[in-house]
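Peer 1:
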Amino acid sequence: MDRRLVVIKQGHVGQEGEELIENLSRLHGWQLETIELSKDEPLPKSLDDIKGLIILGGPINVYEQYTNPYMKVYFNP
Numbered sequence: 001m002d003r004r005l006v007v008i009k010q011g012h013v014g015q016e017g018e019e020l021i022e023n024l025s026r027l028h029g030w031q032l033e034t035i036e037l038s039k040d041e042p043l044p045k046s047l048d049d050i051k052g053l054i055i056l057g058g059p060i061n062v063y064e065q066y067t068n069p070y071m072k073v074y075f076n077p
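Each residue of the sequence shown is one higher than the one before, starting from 1 at the first, in this note's numbering.
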């Protein structure tokens, strides 16, 4: 059985706990996938084959969508 864990990073911040998540996922046999929204990496089309999801927020606030263009796609006009 595939144990896919997806980590979504929203900001440009360095270490938000990724190293710990990577080590623990490897230790417990999880397949780790990291998606960086600030690099325009796409979100999964479906959650069907994902067994775990972690979202790292970073220091960005919702009102900062105008200074972080990649966030605009997640807001309704």
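Just so you know, even glycine gets a beta-carbon here, dropped at the ideal spot from N, CA and C.
All values reported here derive from a predicted model rather than from experimental measurement.
1. Could you have a look at residue 39 and say whether DSSP puts it in helix, strand or coil?
2. Rank 26, 31, 27 and 17 by C-alpha distance to the C-alpha of residue 50 and give the top, closest one.
3. Less than 8 Å between the CB of residue 23 and some heavy atom of the ligand ATP, yes or no?
4. Could you please give the first and the last residue of the uninterrupted beta strand (DSSP E) stretch that includes residue 4?
5. Return helix, strand or coil for residue 24, following the three-state DSSP convention.
Peer 2: The short version:
1. The answer is helix: DSSP assigns residue 39 an H, G or I state.
2. 31
3. For the structure depicted, the ligand ATP is absent and the ligand set is empty, with no information on it obtainable.
4. 4-9
5. helix
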